[in-house]
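Q:
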Amino acid sequence: MGQQACKPLPRIMRKAGDPMNVFNLPSVHQEIIYPTHKRTLNFSVCRCWQSTKFPICDNSHKVLQKQGCNCGPAMLEVRHAPSVTEPREFRSTSESSKDKLSTGSLFGGAASVAAAVAAGGHALGYF
Numbered sequence: 001m002g003q004q005a006c007k008p009l010p011r012i013m014r015k016a017g018d019p020m021n022v023f024n025l026p027s028v029h030q031e032i033i034y035p036t037h038k039r040t041l042n043f044s045v046c047r048c049w050q051s052t053k054f055p056i057c058d059n060s061h062k063v064l065q066k067q068g069c070n071c072g073p074a075m076l077e078v079r080h081a082p083s084v085t086e087p088r089e090f091r092s093t094s095e096s097s098k099d100k101l102s103t104g105s106l107f108g109g110a111a112s113v114a115a116a117v118a119a120g121g122h123a124l125g126y127f
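Going by the UniProt record's numbering, the sequence shown opens with residue 1, and the numbers climb by one from there.
1. State the start and end residues of the unbroken beta strand (DSSP E) segment that holds Val78.
2. With distances taken from CA atoms, which of Ser60, Leu41, Gln67 and Arg79 is nearest Pro73?
3. Can you tell me which of the three DSSP states Val45 falls into?
4. Our contact map puts Leu25 next to Val78 with C-beta atoms below 8 Å; I'd like the distance itself, whole angstroms only.
5. From which residue to which residue does the alpha helix (DSSP H) around Val22 run?
6. Where does Leu124 fall in DSSP's three states?
7. Which residue's Cα is closest to the Cα of Cys71: Val45, Ser27 and Ala81?
8. Mind checking which residues open and close the alpha helix (DSSP H) that includes Lys66?
9. Where Phe23 and Phe54 are concerned, what is the direct C-alpha to C-alpha distance, given to the nearest angstrom?
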């Protein structure tokens, strides 16, 4: 039993221009992975088509790398989803600013709009 497990795997000899998908695996795999709230999920996705656990990488690409083929797995990390929050309202601490806007904020806003319009007109050749 132990001797059978110690047998070396057959070497995959690849020549330049040979197809990578020698096992005729489907070229498109789709899987929906839902993020967890506790930890990130890490996957190594095979890109050499030699993995016995395809589409998950089992480091079969190391044989191809020794033969000069520059291929390796794509690392995929699924993080937990960010929490959805509502935008907060801006609240001022002074009561006078609740009732009326300051003159500086009115003219500052108008000046920035005027500058944006002028820049757009200049870019289009109107000025």
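Built from N, CA and C at the ideal position, the CB exists for glycine as well. Just so we're clear, the structure is a prediction, and the values are computed from it rather than from any experiment.
A: In short:
1. Counted from its first residue, the sequence shown places residue 78 at position 78. Val78 -> beta strand (DSSP E) spans Ala74 to Val78.
2. Reading the sequence shown from its first residue, position 73 is the one you call residue 73. Residue Ser60 is the option with its Cα nearest to Pro73.
3. Residue 45 sits at position 45 when you count from the first residue of the sequence shown. Looking at Val45 - three-state DSSP - the assignment turns out to be strand.
4. Numbered from its first residue, the sequence shown carries residue 25 at position 25. Numbered from its first residue, the sequence shown carries residue 78 at position 78. Incorrect: roughly 23 Å between the Cβ atoms, too far for contact.
5. Within the sequence shown, residue 22 is the residue found at index 22, counting from 1. Val22 -> no alpha helix (DSSP H), and no H or E assigned at all.
6. Here the question's residue 124 lines up with position 124 in the sequence shown. The predicted position of Leu124 is uncertain, since its pLDDT is 48 and thus under 50; a value taken from the coordinates is nonetheless stated next. The answer is helix: DSSP assigns Leu124 an H, G or I state.
7. Start at 1 with the first residue of the sequence shown, and residue 71 comes out as number 71. Comparing Cα positions, the closest option is Val45.
8. In the sequence shown, counting from the first residue as 1, residue 66 sits at position 66. His61 to Lys66 is the span of the alpha helix (DSSP H), which, as asked, contains Lys66.
9. Here residue 23 refers to the residue found at position 23 of the sequence shown. Here residue 54 refers to the residue found at position 54 of the sequence shown. So the alpha carbons of these two residues sit roughly 10 Å apart.
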